[in-house]
Amino acid sequence: MTEILIAGIYLADRPNTAAHLIYEFAGARRTRVTQRWVALAADRPGDCDLPCTVSIRLQRTPKFLLVNDLTADAARFDWILLVDDDVELPPDFIDSFIDLAERYDFALCQPARTVDSYIDHPLVMQNPGVKARQTRFVEIGPVTAIRRDAAQLILPVAADCGMGWGLDYVWPRVMEDAGLRMGIVDATPIAHRMRRQVSGYGYDDAARGMSEVLAANRHLTRDQAFQVLDAYV
Numbered sequence: 297m298t299e300i301l302i303a304g305i306y307l308a309d310r311p312n313t314a315a316h317l318i319y320e321f322a323g324a325r326r327t328r329v330t331q332r333w334v335a336l337a338a339d340r341p342g343d344c345d346l347p348c349t350v351s352i353r354l355q356r357t358p359k360f361l362l363v364n365d366l367t368a369d370a371a372r373f374d375w376i377l378l379v380d381d382d383v384e385l386p387p388d389f390i391d392s393f394i395d396l397a398e399r400y401d402f403a404l405c406q407p408a409r410t411v412d413s414y415i416d417h418p419l420v421m422q423n424p425g426v427k428a429r430q431t432r433f434v435e436i437g438p439v440t441a442i443r444r445d446a447a448q449l450i451l452p453v454a455a456d457c458g459m460g461w462g463l464d465y466v467w468p469r470v471m472e473d474a475g476l477r478m479g480i481v482d483a484t485p486i487a488h489r490m491r492r493q494v495s496g497y498g499y500d501d502a503a504r505g506m507s508e509v510l511a512a513n514r515h516l517t518r519d520q521a522f523q524v525l526d527a528y529v
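Residue numbers (our numbering): 297 to 529.
See below:
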């Protein structure tokens with residue numbers, strides 16, 4: 297049975313969908329799911345006692361430092377899912393999503409976003425009529441799936457990557473150099489409509505971090521990244 301690690305972070309002092317996510321992932325039937333969640337309560341007391349919470353942080357901590365802690369044993373798992381706390385999943389999400397990711401041989405992928413979601417990049421919006429698309433771009437969140445062979449190449453993330461901005465332009469170079477495929481799964485879209493991007497952290501710091509990440513690594517340009525290489529109906 298496919299072994300999956302859910303590495304999640306929830307803002308315990310703000311409204312979130314973590315309880316919904318934990319419940320849905322726990323309902324997997326064709327995959328074996330391990331969940332590890334970090335509760336962040338940096339601004340005020342929060343609800344930090346959800347099931348599968350393995351750590352509580354009371355100071356603001358860059359996302360990918362937490363991800364590195366949660367995925368230290370990534371090699372044990374067939375898939376790693378990095379999950380934020382402000383999305384809604386369709387029924388049977390995890391089994392169906394992983395099934396399609398494996399069918400189309402995606403080593404790094406994400407679910408599409410529903411049309412009523414906050415959309416930062418139009419490429420990731422659900423494309424009706426297709427099950428999945430091979431792309432050169434996969435977002436760093438709110439749900440990112442990393443197959444074991446890809447995890448060996450991109451995890452752990454460098455400590456100075458902070459919130460991870462820019463990694464979604466660096467990762468395609470790494471994947472393509474290794475002969476691995478990336479994609480967006482349209483048949484299992486998630487809703488991302490609770491919080492806009494950067495509502496939980498500072499834009500200036502994240503943008504500065506992105507500039508540093510891109511300066512230090514080979515990466516695609518936006519025009520190069522936002523391409524669909526193939527579509528599957």
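Note that CB positions come from ideal geometry on N, CA and C, so glycine has one too.
| Asked | Found |
| --- | --- |
| Secondary structure of MET471, DSSP reduced to three states | helix |
| Top-ranked residue by Cα proximity to ARG444, from VAL411, ARG332 and ALA397 | ALA397 |
| Euclidean distance between Cα positions of VAL329 and VAL434 | 22 Å |
| Euclidean distance between Cα positions of ALA512 and VAL470 | 14 Å |
| Cutoff 7 Å; reference LEU354; Cβ partners in own chain excluding five residues on either side | ALA337 and ALA338 |
| Nearest-angstrom beta carbon gap, LEU366 and ALA303 [assumed within contact, 8 Å] | 4 Å |
| Secondary structure of ALA403, DSSP reduced to three states | strand |
| Residue burial classification, HIS316 (beta-carbon count within 10 angstroms, cutoff 16) | exposed |
| Extent of the continuous alpha helix (DSSP H) to which GLY505 belongs | 499-512 |
| Candidates ARG429, LYS427 and VAL411: closest to MET421 by CA position | VAL411 |
| Continuous alpha helix (DSSP H) stretch holding ASP445: start and end | 444-450 |
| Same chain only: Cβ atoms within 6 Å of ARG491, ignoring 5 sequence neighbours per side | ASP382 |
| Simplified DSSP assignment, three categories, for ALA335 | strand |
| Which of helix, strand or coil DSSP assigns to PRO386 | coil |
| LEU307 versus PRO386, TYR319, GLU320 and TRP333, residue with shortest Cα-Cα distance | TRP333 |
| Inter-residue Cα distance where the pair is SER392 and PHE321 | 12 Å |
| Reduced DSSP category for TYR528 - H, G, I as helix; E, B as strand; rest coil | strand |
| Length of the line joining the Cα atoms of ARG409 and ILE486 | 5 Å |
| Residue burial classification, VAL529 (beta-carbon count within 10 angstroms, cutoff 16) | exposed |
| Start and end residues, alpha helix (DSSP H) containing ALA315 | 314-322 |
| Which residues DSSP lists as bridging GLU299, in chain order | ARG328 |
| Cβ neighbour criterion (16 or more within 10 Å) applied to TYR465 | buried |
| Proximity winner among GLY460, HIS515 and PHE402, relative to ASP380 (alpha-carbon distances) | GLY460 |
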